[in-house]
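J.: Sharing a structure here in structure tokens format.
There are 2 protein chains.
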Amino acid sequence: MNQIHDPQLLKGVLSPLLLWLLAERESYGYELVQRLRQIGLTGIADGTVYPALARLEREGRVSTRLVASRSGPARKYYRPTDDGYAALTESTGNWLSLTEIVSPVLARPVPPQPAPPAEEN
Amino acid sequence: MNQIHDPQLLKGVLSPLLLWLLAERESYGYELVQRLRQIGLTGIADGTVYPALARLEREGRVSTRLVASRSGPARKYYRPTDDGYAALTESTGNWLSLTEIVSPVLARPVPPQPAPPAEEN
DNA sequence: CACAGGTACTAGACTAAACAAGGTACCTGT
DNA sequence: ACAGGTACCTTGTTTAGTCTAGTACCTGTG
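Keeping their order, the protein sequence lines are chains A and B.
Going by the numbering used here, the first residue of the first sequence is number 1, and it counts up by one from there.
Going by the numbering used here, the first residue of the second sequence is number 1, and it counts up by one from there.
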């Protein structure tokens with residue numbers, strides 16, 4: 001369902017992304033799904049985001065609080081803990097290092113495909 | 001064991017990387033490990049690369065041939081198939097799209113300390 | 001000749017994480 | 001009451017990188 005149709009690529013990226021969004025502004029799950037879609041992850045499923053948030057909470061990277069809403073059930077707001085900020089810094093570094101390695105390679109034009117034995121007619 | 005100590009980030013990246021290296025030059029497993037280390041993936045384990053190659057072969061993205069070696073056991077040389085070239089183009093596109101979404105976010109400085117609690121609408 | 005060390009590949013169990021599908025429940029407007 | 005949007009959670013499946021261990025070949029040295 002994602003416009004980027006390789007789920008594997010997202011792995012390891014979603015957590016820092018969520019932490020970054022939460023560092024920018026406290027937010028709740030449903031809203032985070034929308035914010036992720038807004039920045040381009042149009043196909044992200046809520047079944048992907050909620051477990052990721054639960055993971056972050058379990059690991060102590062975010063703290064939560066419930067806030068009643070006028071438009072539906074209570075919202076669970078997340079914000080990074082000190083640990084979360086540290087993790088964000090670290091994983092951002094990891095991501096940037098990786099792109100510095102990978103992008104220069106993949107961005108370069110693919111080497112020409114060796115010419116198959118030409119059968120002409 | 002990787003200098004980038006988040007294994008998850010590599011997921012989905014290794015295959016295109018291998019295909020790219022093989023498009024550049026036919027190569028065998030052991031050499032590919034060294035080439036990956038050379039471009040910066042210093043911590044990559046051979047136990048990671050061989051299964052990835054087996055996967056590519058099983059999926060028909062690469063073809064192989066055995067060549068005797070003077071310095072050890074026979075080497076299994078890999079080269080991309082037509083399918084492999086197609087997959088390379090596609091997954092390179094996926095990677096570049098993802099970095100275009102993620103990098104502009106993560107590269108931006110992390111927003112400072114907690115904003116006041118969001119008021120609900 | 002034995003054996004150490006580099007070369008080269010393979011196999012199996014483990015793990016993390018995205019995703020699909022399904023479910024619960026709240027709230028507003030008709 | 002009920003439809004539709006809001007909001008959250010859980011379970012099972014699949015993919016793929018990692019760890020560990022093992023096999024086996026080859027050259028050089030004592």
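Ideal Cβ positions, reconstructed from N, Cα and C, are used throughout, including at glycine.
With a threshold of 7 Å between beta carbons, is B:Ile44 in contact with chain A?
T.: False, the Cβ-Cβ gap to chain A never drops below 7 Å.
J.: Identify whether B:Val110 lies in helix, strand or coil by the three-state DSSP scheme.
T.: Coil, per DSSP.
J.: Please list the terminal residues of the continuous alpha helix (DSSP H) segment that includes B:Val49.
T.: Unbroken alpha helix (DSSP H) run through B:Val49: 46–58.
J.: With C-beta atoms as the reference, is B:Ser122 less than 7 Å away from B:Pro16?
T.: For residue 122 of chain B there is no data in the structure shown, the boundaries of chain B being 1 and 121.
J.: Assuming the contact rule is C-beta atoms closer than 8 Å, B:Tyr78 and B:Tyr28 should be a hit. Round their C-beta distance to whole Å, please.
T.: Yes, B:Tyr78 and B:Tyr28 are in contact; Cβ-Cβ is about 7 Å, under 8 Å.
J.: Counting Cβ pairs closer than 8 Å, one from the segment 97–109 of chain B and one from the segment 94–113 of chain A, do we hit at least three?
T.: Touching, per the Cβ criterion.
J.: In this structure, how does DSSP classify B:Pro16 when only helix, strand and coil are distinguished?
T.: Residue state, collapsed to three classes: helix.
J.: Which same chain residues, not among the five before or five after B:Leu19, have their C-beta less than 6 Å away from its C-beta?
T.: Taken in chain order, the residues that qualify are Pro80, Gly84, Leu88.
J.: Nearest-angstrom Cα distance between B:Ile44 and B:Leu22?
T.: The alpha-carbon atoms of B:Ile44 and B:Leu22 are separated by roughly 17 Å.
J.: Which word fits B:Val33, buried or exposed, when buried means at least 16 other C-beta atoms lie within 10 angstroms of its C-beta?
T.: Result: buried.
J.: Just curious, the alpha helix (DSSP H) that A:Leu32 is in, first and last residue?
T.: Looking at the DSSP string, the run of the alpha helix (DSSP H) that includes A:Leu32 is 29–38.
J.: Among all the DSSP beta bridges, which residues are the ones paired with B:Gln21?
T.: According to the sequence shown, residue 21 of chain B is Leu rather than Gln. DSSP, once it has assigned bridges, lists no residue as partnering B:Leu21.
J.: Label A:Asn121 either buried or exposed according to how many other C-beta atoms from any shown protein chain fall within 10 Å of its C-beta, with 16 as the threshold for buried.
T.: Here A:Asn121 scores only 41 on pLDDT, less than 50, and its place in the model is too uncertain to base an answer on.
J.: So with CB distances below 8 Å, who are the chain A contacts of B:Lys11?
T.: Correct list: Gln8, Leu9, Lys11, Gly12.
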